[in-house]
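Contents: one structure, followed by commentary.
Chains as they are written, first to last, in this note's numbering: chain S, 1 to 101; chain P, 1001 to 1135.
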């Protein structure tokens, strides 16, 4: 099994997403929350982080995406939106949670 | 009190994730009571503060995007947005809210005081300000 990584910082302000992707193992789930959801937007200077990652599944917390005015059709393809219940499901389905701040 | 100073509020943080954006707004609103020349500049993640379409209904946070729209009524005359910061985030002026301004005495009106500018102009604006508040 693999871990769930949560990332809550903007990829433009901190390298948390970049490093979480670099150190996450195969099959890892990476959930973007709070300002981390900016990393899920397509067409940005940071989109290569997720687009270039392999063997990992990406999620973004819907309420945080909506609060920041990011329309669903502007997310990078393959990033799955989850609600709070989906967050809990991810926690349950993975070995443990690693919070990358 | 006769000297009008140029106040510049420099915003570099995304909204909601931290308290900086909201605190900056609060200070701008308070400062508006003092009859100074107030401008705001948004660079780096600060440009996210002006993105329209925010919906906080599912996150238990106050949606403060509408508050930015009122800044023109509080005497804020200019809101500058760094073009390079916008472009790096896949954004353009179309993604941003509009803020109207009106001078009640002269009835001069401006439809939208949100202006996208080059980085060199940001440098100039900061340079010619008397006071820069950084958030």
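Note that beta-carbon positions come from the ideal geometry of N, C-alpha and C, so glycine has one too. Remember, predicted model here, so these are calculated numbers, not experimental data.
Of the candidates P:1117, P:1070, P:1030 and P:1096, the residue whose Cα lies closest to the Cα of residue 1080 (chain P) is P:1117. Nearest in C-alpha terms to residue 1125 (chain P), of all of P:1099, P:1042, P:1104 and P:1062, is P:1042.
When Cβ pairs closer than 8 Å are counted between the two stretches, the segment 1067–1078 of chain P is seen to touch the segment 1087–1099 of chain P, the count reaching three or more. The secondary-structure analysis by DSSP pairs residue 57 (chain S) across a beta bridge with S:29.
Straight through space, the alpha carbons of residue 1083 (chain P) and residue 8 (chain S) are spaced by roughly 25 Å. Per DSSP, the continuous alpha helix (DSSP H) segment holding residue 1126 (chain P) begins and ends at 1119–1128. Residue-level contact check: residue 1083 (chain P) does not touch chain S, since none of the beta carbons of chain S fall below 8 Å from its beta carbon. Within the DSSP bridge table, the entry for residue 41 (chain S) names S:75 as partners. Contact with chain P is absent for residue 80 (chain S), since none of that chain's Cβ atoms lies less than 8 Å from the residue's Cβ. Note on residue 35 (chain S): 16 or more other CB atoms within 10 angstroms of its CB, so buried under the neighbour-count rule. What residue 1006 (chain P) touches in chain S, judged by beta-carbon distance under 9 Å, is nothing: the nearest beta carbon there is about 28 Å away. The C-beta separation of residue 3 (chain S) from residue 96 (chain S) comes to about 6 Å, placing the pair in contact by the 8 Å criterion. The residue from S:91, S:58 and S:54 with its alpha-carbon nearest to that of residue 39 (chain S) is S:58.
Across the structure, residue 1089 (chain P) and residue 45 (chain S) are spaced so that their CA atoms are roughly 6 Å apart. At least 8 Å separates the CB of residue 1009 (chain P) from every CB of chain S. Nearest neighbour of residue 1057 (chain P) by Cα position, chosen from S:23, S:53, S:63 and S:78, turns out to be S:63. Beta-bridge analysis with DSSP links residue 1011 (chain P) to P:1042. At least one beta carbon of chain P lies nearer than 8 Å to the beta carbon of residue 12 (chain S).
Taken atom to atom, the span from the alpha-carbon of residue 41 (chain S) to that of residue 1045 (chain P) is near 13 Å. In this structure, residue 101 (chain S) places its C-beta atom within 8 Å of the C-beta atom of residue 16 (chain S). Under the three-state reduction of DSSP, residue 1135 (chain P) is assigned to coil, being neither helix nor strand.
With respect to residue 1135 (chain P), residue 1037 (chain P) sits apart: the two C-beta atoms are not nearer than 8 Å. Neighbours of residue 1028 (chain P) in chain S, taken as residues at a C-beta separation under 9 Å, are lacking, since the least C-beta distance is about 20 Å.
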